[in-house]
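Numbering (the working numbering), first residue to last: 4 to 466.
Heads up: the structure comes next, in structure tokens.
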Ligand SMILES: *Cc1c(COP(=O)(O)O)cnc(C)c1O
């Protein structure tokens with residue numbers, strides 16, 4: 004093959020040709036997501052092996068490279084597809100991907116406001132929309148992160164600086180046992196020992212009860228420790244359980260705990276009705292994951308903080324080489340609010356879909372997910388082979404084979420997933436293997452949810 008001449012700076016015709024090839028590739032891939040097996044990882048290791056290769060000295064044509072990429076994309080969990088109801092789906096809005104493409108292509112720097120005042124304003128506006136829609140006051144601020152894990156980490160660091168300063172050896176963090184592991188990871192990275200974390204038991208609905216919290220705080224105070232941080236869950240990953248945030252907030256206020264709400268999965272259901280995550284607006288900080296609840300492609304999370312100044316105090320630092328870009332007036336430098344300096348212009352991947360579709364489109368899609376989860380739960384509870392743990396609090400249905408062992412449930416899950424039309428995952432609730440259907444992808448509609456229930460029913464009776 005002749006060497007490919009792909010200039011680092013393509014002329015307009017070349018750029019258009021590349022963009023067209025990429026657009027055609029994307030369109031072909033998106034056409035396939037409805038029909039590809041929901042778990043298509045059979046044979047994926049062989050495909051993966053083909054990518055272990057040395058750095059080439061010469062270029063290769065783009066169409067050749069995209070053709071190589073196809074099997075790598077396709078031999079995967081089909082996460083953007085309608086049948087993907089495992090873990091927490093989202094789907095990946097094409098409109099947001101377009102925002103990412105435009106943002107990366109124009110490659111303006113938004114970490115300091117002076118470098119791109121209007122783009123920084125655009126991103127700050129998306130954060131303000133999020134904060135307002137969660138019921139936070141005008142003093143609130145926040146940042147777009149790479150995801151919920153980094154949001155939870157930033158929340159702990161922010162709270163630590165605000166409440167404890169440099170001495171946090173006796174501080175205690177409270178959360179329920181149903182809390183996402185990223186919070187434990189965050190505590191560890193933020194310098195807390197394992198024994199500074201209380202993972203409290205939950206009630207029959209997987210919720211943390213105020214009395215349990217109060218007792219744990221009392222015990223720690225009597226032992227001379229310093230209770231300081233409470234995580235409440237606005238939708239657990241396991242079952243979508245929503246802690247009684249209003250009551251827990253009252254305890255947090257009385258005990259002067261920083262109240263953090265992990266709403267990575269559930270927060271956006273507030274757009275349908277605030278009652279779905281009642282009391283979320285009382286939190287000192289809120290983790291949201293637009294790459295879950297707003298269906299964005301992976302890579303956009305958010306941390307909102309009731310008092311934006313606390314976020315700044317935890318991150319602001321002087322650097323001589325940044326003296327020329329100190330913010331003016333009401334400008335905010337994102338770098339003063341987060342661990343990042345150079346970063347992607349994430350605002351556009353959120354702003355573009357919100358502007359293009361409007362909030363109503365998201366509200367309708369989220370309402371549909373809640374309805375679909377209830378529908379699945381109702382159908383499953385009519386099938387004698389299954390027990391549904393409870394009507395879904397949000398859009399996760401947790402269920403088991405009635406009287407089935409852990410291995411019976413695991414086998415059933417494997418058989419249903421083997422069919423390829425839907426992909427479900429399992430967890431442990433009450434120390435028993437529990438199956439779950441999480442409806443959150445914007446491409447998932449009733450036909451596919453019914454297929455999931457049909458497959459479960461058929462495999463349960465066949466097994
Ligand atoms: C997904 C999730 C996280 C972690 O978020 P990432 O975006 O995956 O880093 C944290 N908390 C909850 C409740 C989640 O569902």
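All C-beta atoms, glycine included, are put in the ideal place defined by N, C-alpha and C.
All figures in this text were calculated on a predicted structure; none of them were measured in a lab.
Residue 295 has its Cβ nearer than 7 Å to a heavy atom of ligand 1.
At the C-beta level, residue 85 and residue 447 come within 8 Å of one another. Residue 261 is bridged by DSSP to 232.
Within the same chain, 288, 308, 313, 314 and 317 come within 7 Å of residue 161 by CB-CB distance, once the 5 residues on both sides are set aside. Taking 7 Å as the cut-off, the C-beta of residue 289 does not count as close to any heavy atom of ligand 1. For the 8 Å CB-CB criterion, residue 452 and residue 375 form a contact.
When only Cα atoms are considered, residue 56 and residue 152 end up about 32 Å apart.
For residue 266, same chain residues with a beta-carbon under 7 Å away, outside a window of 5 residues either side, are 237, 238, 280, 283, 289, 290 and 291 in chain order. The C-beta distance from residue 203 to residue 215 rounds to 5 Å, short enough to fall under 8 Å.
For residue 240, the closest alpha carbon among the candidates 400, 54, 405 and 17 is that of 400. Taking a 10 Å sphere around the C-beta of residue 181, we find 16 or more other C-beta atoms and assign the residue as buried. Shown here for residue 75: same chain residues with a beta carbon closer than 6 Å to its own, the five before and five after excluded, namely 50 in chain order. If only complete runs of 4 or more residues are kept, the segment 64-118 shows the alpha helix (DSSP H) at 65-77 and 97-109, in order along the chain. Secondary structure of residue 205 (DSSP, three-state): coil.
Using a cutoff of 7 Å, the CB of residue 177 does not count as near ligand 1, since none of the ligand's heavy atoms is closer than that. Of 460, 438 and 462, the smallest CA-CA separation from residue 88 is found for 438. As for any beta strand (DSSP E) of minimum length 3 sitting wholly inside the segment 130-211, the runs are 144-148, 174-179 and 200-203, ordered along the chain. DSSP lists 400 as the bridge partner or partners of residue 440. For the pair residue 350 and residue 96, the CB atoms are not nearer than the 8 Å cut-off. Counting only runs that start and end inside the segment 350-408, the beta strand (DSSP E) elements of at least 3 residues fall at 389-391 and 399-404. About 5 Å separates the beta carbons of residue 352 and residue 99, which is inside the 8 Å limit, making them a contact pair.
Residue 434 is not bridged by DSSP to any residue. DSSP places residue 62 within a strand segment (E or B) once states are collapsed to three. Following the DSSP letters along the chain, one finds residue 459 inside the alpha helix (DSSP H) bounded by residues 449-465. Going by DSSP, residue 304 is part of the beta strand (DSSP E) stretching over 304-308.
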